[in-house]
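Novice:
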Amino acid sequence: MLLERDLIQSVGFRNLHEGGRVTGFQFRVRMPSYRGMAASLIDGIAVRVDDLVDVGPDVPRWTFAGRTYSLAELWDGDGVRWPLEEAAIVTVPLDGGLPEGVHEVSIELRLRMSYIPEEHQPSTYRETRHITLSPESAGGPFKYGVSLYSFMTDYGTVLDLETALAAVADVGATGVEILGEGHIAGYPEPTTEWIDRWFALLEQYSLEPTNYGSWIDTRLHSSGPNARPLSATEGAGMLHRDLRLAKRLGFRFVRPKIGVVSGDLVPDPIWTESVERSLDLAQELDVVICPEIHSPTPIKHPVVDDYIGLIERTGTKHFGLLLDTGIFQDRPIPLRPGELPGQRPAFLDGIGVDPADIADIAKYVVFIQAKFHDIDDRLEDQQIPWEPVLQALKDAGYAGYLSSEYEGERSPWRSIEQVRRQHSLIRRIADGLD
40 MLLERDLIQS VGFRNLHEGG RVTGFQFRVR MPSYRGMAAS LIDGIAVRVD
90 DLVDVGPDVP RWTFAGRTYS LAELWDGDGV RWPLEEAAIV TVPLDGGLPE
140 GVHEVSIELR LRMSYIPEEH QPSTYRETRH ITLSPESAGG PFKYGVSLYS
190 FMTDYGTVLD LETALAAVAD VGATGVEILG EGHIAGYPEP TTEWIDRWFA
240 LLEQYSLEPT NYGSWIDTRL HSSGPNARPL SATEGAGMLH RDLRLAKRLG
290 FRFVRPKIGV VSGDLVPDPI WTESVERSLD LAQELDVVIC PEIHSPTPIK
340 HPVVDDYIGL IERTGTKHFG LLLDTGIFQD RPIPLRPGEL PGQRPAFLDG
390 IGVDPADIAD IAKYVVFIQA KFHDIDDRLE DQQIPWEPVL QALKDAGYAG
440 YLSSEYEGER SPWRSIEQVR RQHSLIRRIA DGLD
């Protein structure tokens, strides 16, 4: 499993529960050297958290390979090692633990290097980082998941499948959402070995597959002298392929992103026939097809009316709506460096759909992508008004998944911390709803 570049890891920051009591907190630390070493060479780690905790280097305990040691036990022991590829778990005793939220965590890690003159020892590594404690709130009536799309640009560069799933599980999420052609090695025909690995990781991290993202590429043959539109039969074939693969991987929902013909995301006219040709297969597989309502398309729009019309006309239980919370964005996303006003789509300033509109379509909504862009150190979302959105969902009787979909700044590893912040924020709000 890959590690974050920072010495202090986001994943693993949590309160420690023992015998029904909270007795302290834990976090993970990456080996700062270029090699692993014997744990007896550790000279301690001083830890400060906000103005709540300030302990000396001999206080924290260390966990390696599932066994916990005091610093003195490490000094006197033999054979315990801190491998380069594994983070150490540091436990700080603290009755009652830390409050939920973002914390400023500072460490001073000391290691003794035998090949460096003693007058320059111990080697000291200092780091301060803002990280969010793993949420413990129940989160009201909802279930919580994460889309691996949240880790886009990290995935395949600084995150692999296991690292991503570990980050999902660490926030207490139970569901994982993927993109078929984004996260499945060898798509559309993954090897048996990959599939076995997928299910083994789901079991290891106690996760269930939720929504599978797929595409109907209507512009597949739109270039060159032989350009032609995609047929409904071809569109259905693409959807059939992904329905079968989604079922094979344990997914219940499939979101087909259908090619569009307008700025407000009106889907290509083949969508109706392509979907209707797929309803029998969806029923056979017990998978629900759910196109998304995505900005700049609001809830009150002909596209949504057409989706609902198909449900009412066919009576199907295997077609529903996926709601993307980006439609509720009511404040603009800041311009990127060098970006000028007017250079980007206007909907990035937010279309501000009234959360009360959820009531009109709630009975058709089967899944929610909890889109967000930035949550600050005070756990305040800078674009999405979560309290009225979550209240409207609860009032409408929705009790399914809220699947985090981070779409903000893509600097390495930032997505992990942002997802942690969102789960802490929306669970706290959900717990306090009327």
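The sequence shown maps to residues 40 to 473 in the numbering used here.
Beta carbons are placed, not taken as given, at the ideal position from N, Cα and C, and that holds for glycine.
Remember, predicted model here, so these are calculated numbers, not experimental data.
1) Quick one: measure Cβ to Cβ for Phe190 and Pro248, integer angstroms, because I've assumed they're closer than 8 Å.
2) Whose C-beta lies closer than 8 Å to the C-beta of Ala266 among residues of the same chain, with five residues either side of it excluded?
3) Could you tell me the alpha carbon to alpha carbon distance between Gly178 and Arg459, rounded to whole angstroms?
4) Would you kindly work out how many angstroms separate the C-alpha atoms of Tyr226 and Thr196, rounded to a whole number?
5) Express the C-alpha separation of Trp254 and Cys329 in angstroms, rounding to a whole number.
6) Would you mind sorting Gln243 into buried or exposed? The rule is 16 or more other CB atoms within 10 Å of its CB.
7) Where do the ends of the alpha helix (DSSP H) carrying Asp470 lie?
8) Whether or not the region 133–146 and the region 44–55 are in contact is what I'm after, with contact meaning three or more pairs of Cβ atoms, one per stretch, closer than 8 Å; do they touch?
9) Please determine if the region 141–151 and the region 159–179 are in contact, where contact requires at least 3 C-beta pairs separated by less than 8 Å.
10) Using a threshold of 8 Å, state whether the C-beta atoms of Arg417 and Pro174 are closer than that.
11) Would you kindly work out how many angstroms separate the C-alpha atoms of Gly211 and Phe411, rounded to a whole number?
12) Tell whether a beta-carbon distance below 8 Å holds between Asp45 and Glu143.
13) Pairs of beta-carbons, one from the region 377–393 and one from the region 352–361, closer than 8 Å: are there three or more?
14) According to DSSP, is Ala104 part of a helix, a strand, or is it coil?
15) Lys433 lies in the alpha helix (DSSP H); which residues open and close that run?
16) Using the three-state DSSP reduction, which class does Asp117 fall into: helix, strand or coil?
17) Using DSSP bridges, identify the partner residues of Gln65.
18) Counting only runs of 3+ residues fully inside the region 181–218, write out the beta strand (DSSP E) ranges in chain order.
19) Given Arg120, which residues of its chain have a CB within under 8 Å of its CB, disregarding the five upstream and five downstream residues?
20) Could you pull the start and end residues of the alpha helix (DSSP H) that Ile255 belongs to?
21) Please list, in chain order, all residues of the same chain as Leu91 whose beta carbon is under 7 Å from its beta carbon, the five residues on each side excluded.
22) Assess, as a yes-or-no matter, whether the region 310–317 is touched by the region 267–277 under the definition of 3 or more beta carbon pairs within less than 8 Å.
23) Can the beta-carbon of Leu362 be found less than 8 Å from the beta-carbon of Ile414?
24) Is DSSP giving Tyr226 helix, strand or coil here?
25) Check Gln382 in the structure and name its three-state DSSP category.
26) Let me know if Ala438 comes out buried or exposed under the rule of 16 or more other beta-carbons within 10 Å of its beta-carbon.
27) Taking the CB atoms as reference points, tell me whether Ile407 and Tyr445 lie closer together than 8 Å.
Specialist: On the basis of the data shown:
1) With 8 Å as the limit, Phe190 and Pro248 do not qualify as a contact, their Cβ atoms being about 16 Å apart.
2) His260
3) 14 Å
4) 18 Å
5) 12 Å
6) exposed
7) Arg453 to Asp470
8) yes
9) yes
10) no
11) 19 Å
12) no
13) no
14) coil
15) Trp425 to Asp434
16) coil
17) Arg53 and Thr130
18) 182–186 and 214–218
19) Gly75, Met76, Ala77, Ala78 and Phe103
20) Premise fails: Ile255 lies in the beta strand (DSSP E), Glu247 to Ile255, not in any alpha helix (DSSP H).
21) Leu137
22) yes
23) no
24) coil
25) coil
26) exposed
27) no
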